[in-house]
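The structure under discussion appears below in the form of structure tokens.
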Amino acid sequence: DVHPSMKVSCLEVFGPLVAVTPFSSFEEGIELANGTQYGLQASVFTSNINTALKAARLLRFGGVLVNEGTAFRADHMPYGGIKESGNTKEGPAYAVREMTRQKLIIFEGWH
55 DVHPSMKVSC
65 LEVFGPLVAV
75 TPFSSFEEGI
85 ELANGTQYGL
95 QASVFTSNIN
105 TALKAARLLR
115 FGGVLVNEGT
125 AFRADHMPYG
135 GIKESGNTKE
145 GPAYAVREMT
155 RQKLIIFEGW
165 H
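Position 76 of the sequence shown, counting from 1, maps to 130 under the working numbering, and the rest follow consecutively.
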């Protein structure tokens, strides 16, 4: 049992870790998860599609994975967090946007 005040529960950990915090209701579980200052990714394990979609809507994280650990990432998909986990997205499309400057050039007579 992990209490929300324990370091393992309130620090952003990059590595293989499973912290199990018991909760009594769906709402309490969402509240506990959203109580962190971090928000990179969250995992929801359920066999109920409605529960999965409701959790994905309510969880304040950059990504929500259903029945999958948070280590999953594909380059063609946006990846990034919110809150103290950052406010940008990574991936090739986002990298191109960051390294490009848009400029409009209009020639006379082309309208």
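For glycine and all other residues, C-beta sits at the position ideal for the given N, C-alpha and C.
- Judged by DSSP secondary structure, residue 97 falls within the beta strand (DSSP E) whose first and last residues are 95-98.
- Closest in alpha carbon position to residue 94, among 120, 143 and 109, is 143.
- In the three-state scheme derived from DSSP, where H, G and I count as helix and E and B as strand, residue 143 is classed as coil.
- Excluding the 5 residues flanking it on each side, residue 119 has same chain C-beta neighbours closer than 7 Å at 95, 97 and 126, in chain order.
- Here residue 55 is near residue 76, since their CB atoms are less than 7 Å apart.
- Between residue 134 and residue 123, the CB-CB gap reaches or exceeds 7 Å.
- Residue pairing from DSSP places residue 137 in a beta bridge opposite 92.
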